[in-house]
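Chemist: Structure in structure tokens, see below.
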Amino acid sequence: MLPIPANELNGSGTLGPYWTFYHAVVAEQLRQWLPRRPSLLLDLSGGRGRWPAQAARAGHRVIEVMDFRRPADPWLRDASDRIQKVRADDLGFLPDGSVDGVIAEERALSVEIMAESVIDDVARVLKPGGRALLCVDSLVLGMAILAEQNYWAHLCQTGEVMLIPWPDGSITRCFTSQQVRELVTGAGLEVDWIRPRTVLSPSTVDHVLSSESRSLSWLVRTELETRADGDDTVGIHLVAGVRKPV
Numbered sequence: 414m415l416p417i418p419a420n421e422l423n424g425s426g427t428l429g430p431y432w433t434f435y436h437a438v439v440a441e442q443l444r445q446w447l448p449r450r451p452s453l454l455l456d457l458s459g460g461r462g463r464w465p466a467q468a469a470r471a472g473h474r475v476i477e478v479m480d481f482r483r484p485a486d487p488w489l490r491d492a493s494d495r496i497q498k499v500r501a502d503d504l505g506f507l508p509d510g511s512v513d514g515v516i517a518e519e520r521a522l523s524v525e526i527m528a529e530s531v532i533d534d535v536a537r538v539l540k541p542g543g544r545a546l547l548c549v550d551s552l553v554l555g556m557a558i559l560a561e562q563n564y565w566a567h568l569c570q571t572g573e574v575m576l577i578p579w580p581d582g583s584i585t586r587c588f589t590s591q592q593v594r595e596l597v598t599g600a601g602l603e604v605d606w607i608r609p610r611t612v613l614s615p616s617t618v619d620h621v622l623s624s625e626s627r628s629l630s631w632l633v634r635t636e637l638e639t640r641a642d643g644d645d646t647v648g649i650h651l652v653a654g655v656r657k658p659v
């Protein structure tokens, strides 16, 4: 059974409370990940996320690579003097070892089928000791989408790369935690951790948020304190913290 219906995955529909919770979790994960000192960060989320603005408010400078294939979200139109927007289809404009950190949110590595080339570029532009925060579609999500579309035969197939057709005609690449690890280490980077973005189900979130005795901040804190490193059985997305060896 699909953990979240396909028509809800863009944040619309009846799961408003869940997506409010989801985005609060993302914001807190990024806050905890951001460097403590002002740094130069590269954002590969294609202009479809709040991450550059959050990083800029925390005192960092951000190079935001805009994706020609995906329109930017409306809330990103307000520019910041700490954010430099660049339209490019690769990172050839950046020299080796030039950024302190890389953010690849909004399924950037799943939308880009040849994720290996992206990770190789990430490893190249990171300074030694630099870190990256990566988010990908999970195998759980991919199998659930196949089931929802009645592609039952495909569920029996196992391969190194799982490409999933979405109802809108696009393709996403889904990963297990082991595949994420292999992707990262294959580029010469080290894995600090890999975990599901969220463990709590939409029904649990809705129930808790409807209770007067619990708050969104309590729910987010509970989520982030739940240890599920490397668990492939839950969550529509996997998140990884990685670094470049010194």
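One rule links them: number in our numbering = place in the sequence shown (from 1) + 413.
Just so you know, even glycine gets a beta-carbon here, dropped at the ideal spot from N, CA and C.
Could you tell me the boundaries of the alpha helix (DSSP H) in which Thr617 lies?
Modeler: First-last of the alpha helix (DSSP H) with Thr617: Pro615 to Leu622.
Chemist: Could you pull the DSSP bridge partners for Ser551 from this structure?
Modeler: Phe588
Chemist: Tell me the DSSP bridge mates of Lys498?
Modeler: Glu477
Chemist: With DSSP collapsed to three states, give me the class of Val574.
Modeler: coil
Chemist: Can you give the Cα-Cα distance for Ala517 and Cys548, rounded to whole angstroms?
Modeler: 6 Å
Chemist: Measuring CB atoms only, is the region 583–591 touching the region 536–552, in the sense that at least three cross pairs come out at less than 8 Å?
Modeler: yes
Chemist: Rounded to whole angstroms, how far is the Cβ of Leu507 from the Cβ of Arg474, which I believe are closer than 8 Å?
Modeler: Actually they are not in contact, since the Cβ atoms of Leu507 and Arg474 sit about 13 Å apart, beyond 8 Å.
Chemist: Mind checking whether Ala440 and Gln467 have CB atoms under 8 Å apart?
Modeler: Taking C-beta atoms as the reference points, Ala440 and Gln467 count as a pair closer than 8 Å.
Chemist: Cutting at 8 Å between CB atoms, please list the residues of its own chain near Thr646, excluding the five before and the five after it.
Modeler: Val553
Chemist: Based on the DSSP secondary-structure assignment, which residues constitute the bridge partners of Leu454?
Modeler: Answer is Val475 and Gly514.
Chemist: Assign Val604 to one of three DSSP states: helix, strand, or coil.
Modeler: strand
Chemist: The alpha helix (DSSP H) spanning Gly429 covers which residue range?
Modeler: It spans Gly429 to Trp446 - the alpha helix (DSSP H) in which Gly429 sits, taken as one unbroken run.
Chemist: What do you reckon, are the CB atoms on Val593 and Ile584 nearer than 8 Å?
Modeler: no
Chemist: Pull up the distance between the alpha-carbon of Trp446 and that of Glu603, whole angstroms please.
Modeler: Cα-Cα distance, rounded: 16 Å.
Chemist: What separation, rounded to the nearest whole angstrom, lies between the Cα atoms of Ala653 and Ser623?
Modeler: 31 Å
Chemist: Does DSSP classify Leu559 as helix, strand or coil?
Modeler: helix
Chemist: Roughly how many angstroms separate the alpha carbons of Glu638 and Ser628, rounded to a whole number?
Modeler: The alpha-carbon atoms of Glu638 and Ser628 are separated by roughly 16 Å.
Chemist: Can Gly510 and Leu539 be called in contact, C-beta distance under 8 Å?
Modeler: yes
Chemist: If you check the beta carbons only, do Glu529 and Leu596 fall under 8 Å apart?
Modeler: yes
Chemist: Assuming the contact rule is C-beta atoms closer than 8 Å, Gly648 and Thr611 should be a hit. Round their C-beta distance to whole Å, please.
Modeler: 6 Å
Chemist: Assuming Val515 and Leu457 are in contact, meaning their beta carbons sit under 8 Å apart, how far apart are those beta carbons, in whole angstroms?
Modeler: 7 Å
Chemist: Go to Val659, then tell me how far its beta strand (DSSP E) extends in each direction, as first and last residue.
Modeler: Where Val659 is concerned, there is no enclosing beta strand (DSSP E), given that its DSSP letter is neither H nor E.
Chemist: Just to confirm before moving on: does the CB-CB distance between Val535 and Ala600 stay below 8 Å?
Modeler: yes
Chemist: Could you name the residues of the same chain whose beta carbon sits closer than 6 Å to that of Arg520, not counting the 5 residues immediately before and after it, in chain order?
Modeler: So the qualifying residues of the chain are Asp550.
Chemist: Please report the distance separating the alpha-carbon of Arg616 from that of Trp464.
Modeler: For clarity, residue 616 is Ser in the given sequence; the question names Arg instead. Going by the C-alpha atoms only, they are around 27 Å apart.
Chemist: Tell me the rounded alpha-carbon separation between His620 and Trp631.
Modeler: 13 Å
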